[in-house]
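Peer 1: Structure in structure tokens, see below.
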Amino acid sequence: MTDNRGRGIRQAGILLLGAIVVGTLDILYAIVFWHPKGVPARLIFQSIAAGVYGKAAFMGGTRTAEIGAALHYFISLCIVLVYWIASTRIPRLTQRPFFYGSIYGVLVWLFMNFVVIPLSFAKPPSFLFWWVAWSIVVHAFLIGVPAALTARAANDNRIKAGR
Numbered sequence: 057m058t059d060n061r062g063r064g065i066r067q068a069g070i071l072l073l074g075a076i077v078v079g080t081l082d083i084l085y086a087i088v089f090w091h092p093k094g095v096p097a098r099l100i101f102q103s104i105a106a107g108v109y110g111k112a113a114f115m116g117g118t119r120t121a122e123i124g125a126a127l128h129y130f131i132s133l134c135i136v137l138v139y140w141i142a143s144t145r146i147p148r149l150t151q152r153p154f155f156y157g158s159i160y161g162v163l164v165w166l167f168m169n170f171v172v173i174p175l176s177f178a179k180p181p182s183f184l185f186w187w188v189a190w191s192i193v194v195h196a197f198l199i200g201v202p203a204a205l206t207a208r209a210a211n212d213n214r215i216k217a218g219r
């Protein structure tokens, strides 16, 4: 029983670390893309909070930026957990993490842009070709692949064996 608890704690730590990596890579991309266009990081985080609070998020100052950051990392955790859960049922997802992870990243981008954002209070983003093109690439390789590698690490036989 202690071995199982230890394994579970190690898996949870790996999954949490993976979510932090995924979330950080994603937000760094957004900041690097938008900062030269005069968009401060605070506004990026507030736009995430706008999914819950609508336009009021942009009047909430640092507090709504912090809420946006928390939401962003929560979404990143969900992204990692969905892939990990799927990988426990479909082992090939972790056997070819670059292939399946990149596909997953594109699916995440599609889901976020065509399901989550339209159902939220956030204003749909305007279409900017380079933003969309780079976002798809970033989601494939900086979101999907790290999620797949995280799932593989969490499913590693050494962890399962409690070693």
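Numbering (our numbering), first residue to last: 57 to 219. The beta carbon of each residue, even a glycine, is placed where N, CA and C say it ideally should be.
(1) Assuming THR120 and GLN102 make a contact with CB atoms under 8 angstroms, what is their CB distance in whole Å?
(2) Is GLY69 helix, strand or coil by DSSP?
(3) Any idea if ILE186 is buried or exposed, counting beta-carbon neighbours within 10 angstroms, 16 or more meaning buried?
(4) Quick one: residues in its chain with C-beta nearer than 8 angstroms to the C-beta of LEU127, no 5 flanking neighbours on either side, listed in chain order?
(5) Taking the alpha helix (DSSP H) that ARG208 belongs to, which residues open and close that run?
(6) What residue from VAL194, LEU175, VAL201 has the CA that sits closest to PHE89's CA?
(7) Buried or exposed: which applies to ALA178, given that a residue is buried once 16 or more other Cβ atoms fall within 10 Å of its Cβ?
(8) If we count the other Cβ atoms within 10 Å of its Cβ and call it buried at 16 or more, is ASP82 buried or exposed?
(9) What residues in its chain sit with their C-beta under 7 angstroms from that of ALA142, if we drop five residues either side in the sequence?
(10) Which one of VAL201, ARG208, SER191, ALA203 has the shortest CA to CA distance from ILE87?
Peer 2: According to the structure data:
(1) At roughly 5 angstroms, the Cβ-Cβ gap stays under 8 angstroms, so THR120 and GLN102 are in contact.
(2) GLY69 falls in the helix class under three-state DSSP.
(3) The amino acid occupying residue 186 in the given sequence is Trp; Ile does not appear at that position. Residue burial is scored here from C-beta neighbours: TRP186 has fewer than 16 other C-beta atoms within 10 angstroms and is therefore classed as exposed.
(4) Excluding sequence neighbours, LEU127 sits near ILE104, ALA105, GLY107, VAL108.
(5) Start and end: 201–211.
(6) Of the candidates VAL194, LEU175, VAL201, the residue whose Cα lies closest to the Cα of PHE89 is VAL194.
(7) Buried: at least 16 other Cβ atoms inside 10 Å.
(8) Answer is buried; the Cβ neighbour count reaches 16.
(9) Closer than 7 angstroms at the Cβ level, and outside the excluded window around ALA142, lie LEU149.
(10) The shortest CA-to-CA distance from ILE87 to any of VAL201, ARG208, SER191, ALA203 is the one to SER191.
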